[in-house]
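Here the protein sequences line up with chains A and B, keeping their order. Numbering follows the numbering used here, with no gaps: position 91 of the first sequence is 94. Numbering follows the numbering used here, with no gaps: position 11 of the second sequence is 255. No residue lacks a Cβ here, since even glycine has one placed at the ideal position from N, Cα and C. The structure presented is a predicted model; accordingly, all values stated were derived computationally and were not measured.
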Amino acid sequence: GQNIDQPTEMTATEGAIVQINCTYQTSGFNGLFWYQQHAGEAPTFLSYNVLDGLEEKGRFSSFLSRSKGYSYLLLKELQMKDSASYLCAVRDNSNYQLIWGAGTKLIIKP
Amino acid sequence: DAGITQSPRYKITETGRQVTLMCHQTWSHSYMFWYRQDLGHGLRLIYYSAAADITDKGEVPDGYVVSRSKTENFPLTLESATRSQTSVYFCASLGGEQFFGPGTRLTVL
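Have a look at this one:
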């Protein structure tokens, strides 16, 4: 079966660093996406990994290990506006469909 | 306005009524998707479309109907709404990554 696991909720402090993990078991793999979703809003694209390694984009970085079926999203210098849900999604071999994790709700405390 | 829009943004209806949710995109993306999002389930794919007049079922298609007569529009119809269809519905189109509309919050009483 196809499965994506993320922690349900995490709490971190403003200014700190937090790592949100995602593990996946899918029949095919053609890339992993991270999306951010603020409460009551639509998901917005954050990052994409298709090869092993770290992709850095400002305060956000995403890592992928295909052999381990594992990814993480690293958020640095946390700000209150980073309070949101973070969704991990895997694109299977179809090139268009995404398999979604349930999301991790990140709570930032002052 | 460029982008992807959905209407209505909020809808309250009664069990048994037919409801149509609209989705419009201005990018001419070929692929479009309908998801529902419920607590604890994340995003679940209802239907998708590869092009005008080409649609296919996703993970949870029962009780829903779609059409795509024009590339830019992808309406979703609940033929006879049930309380279990109370949810937030997102439309998305594919241009590299998936771009999402703002969502429709549907309540079925």
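For a cut-off of 8 Å, the C-beta gap from B/L283 to B/L320 is around 20 Å, too long to register as a contact.
Across the structure, B/T259 and B/Y308 are spaced so that their CA atoms are roughly 14 Å apart.
Looking at A/N6, A/Y75, A/K112 and A/D85, the one whose alpha-carbon comes closest to that of B/G286 is A/N6. Rounded to whole angstroms, the separation of the alpha carbons of B/K255 and B/Q329 is 12 Å. B/A296 and A/I110 have their C-alpha atoms roughly 41 Å apart. Taken atom to atom, the span from the alpha-carbon of B/F344 to that of A/Q40 is near 11 Å.
For A/F36, a Cβ of chain B is located within less than 9 Å of the residue's own Cβ.
Assignment of beta-bridge partners to B/H268 by DSSP yields B/T249 and B/N317. The three-state reading of DSSP puts B/R327 in helix, counting H, G and I together. When the alpha-carbon of A/D95 is set against those of A/F32, A/A15 and A/E12, the nearest one is in A/F32. Per the C-alpha coordinates, the member of B/G340, B/Y291 and B/L353 positioned closest to B/R327 is B/L353.
Annotated as proximal: B/I248 and B/C267, with beta-carbon spacing under 9 Å.
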